[in-house]
Amino acid sequence: MTNHPITLGAINLEAEDPTALAAFWAAVTGAEPSAGGDSVYLPPNGPGGFGMFFQPGTTPRAENQVAHWDLTVPWGSRAAEVQRLIGLGATHQWDVLDEVPHVRWTTLADPEGNLFCVAEHPPVDQQRA
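Per our numbering, the sequence shown starts with residue 54, numbered consecutively.
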């Protein structure tokens, strides 16, 4: 099998207010936004990070979000991180804490309603069979 060096360059979002949404995600990730015209680029905040690109919406927002991103935090820090993100303007949607043994997550929505999850994975010796 051939190894293809593909990485995630950026998540691209249309937004009602690209500057405000970029500011929210900048606070989430710790990256510095860079505006250019009506669009804003948020670079990765370090190795292994991801970039985000915010541009003005061109059509009405879809009723059903067909994709979302999962953010991972160290085991035991999910609840505190969720509270931090709510303080930044995210809205709590739901928790999944005991459905599967290898992950717990909370689903949030950003200020424009885009869903994302904050997940934590227990150490292997703490996972249920």
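The beta carbon of each residue, even a glycine, is placed where N, CA and C say it ideally should be.
For residue i, the three-state DSSP class (helix, strand or coil)
| i | result |
| --- | --- |
| R157 | strand |
| E134 | helix |
| T82 | helix |
| P113 | coil |
| V177 | helix |
| A68 | strand |
Strand pairing of residue i, partner residues [DSSP]
| i | result |
| --- | --- |
| M54 | BP columns for M54 are empty, so no partner. |
| G143 | Inspection of the sequence shows that residue 143 is occupied by Ala rather than by Gly. A143 pairs with nothing; no bridge assigned. |
| G104 | A63 |
| A172 | T125, W158 |
| D148 | T159 |
| L95 | M105 |
| A88 | V93 |
Length of the line joining the Cα atoms of residue i and residue j
| i | j | result |
| --- | --- | --- |
| A80 | L141 | 7 Å |
| P164 | G99 | 24 Å |
| V119 | F169 | 12 Å |
| E116 | I59 | 31 Å |
| G62 | E152 | 31 Å |
| L66 | G90 | 15 Å |
| D70 | P109 | 7 Å |
| V171 | W78 | 14 Å |
Nearest-angstrom Cβ-Cβ length linking residue i and residue j, presumed shorter than 8 Å
| i | j | result |
| --- | --- | --- |
| G104 | P113 | Contact flag wrong, Cβ pair sits at about 26 Å. |
| G76 | P86 | Sequence inspection shows Ala at residue 76; the Gly mentioned does not correspond to that position. Yes, A76 and P86 are in contact; Cβ-Cβ is about 7 Å, under 8 Å. |
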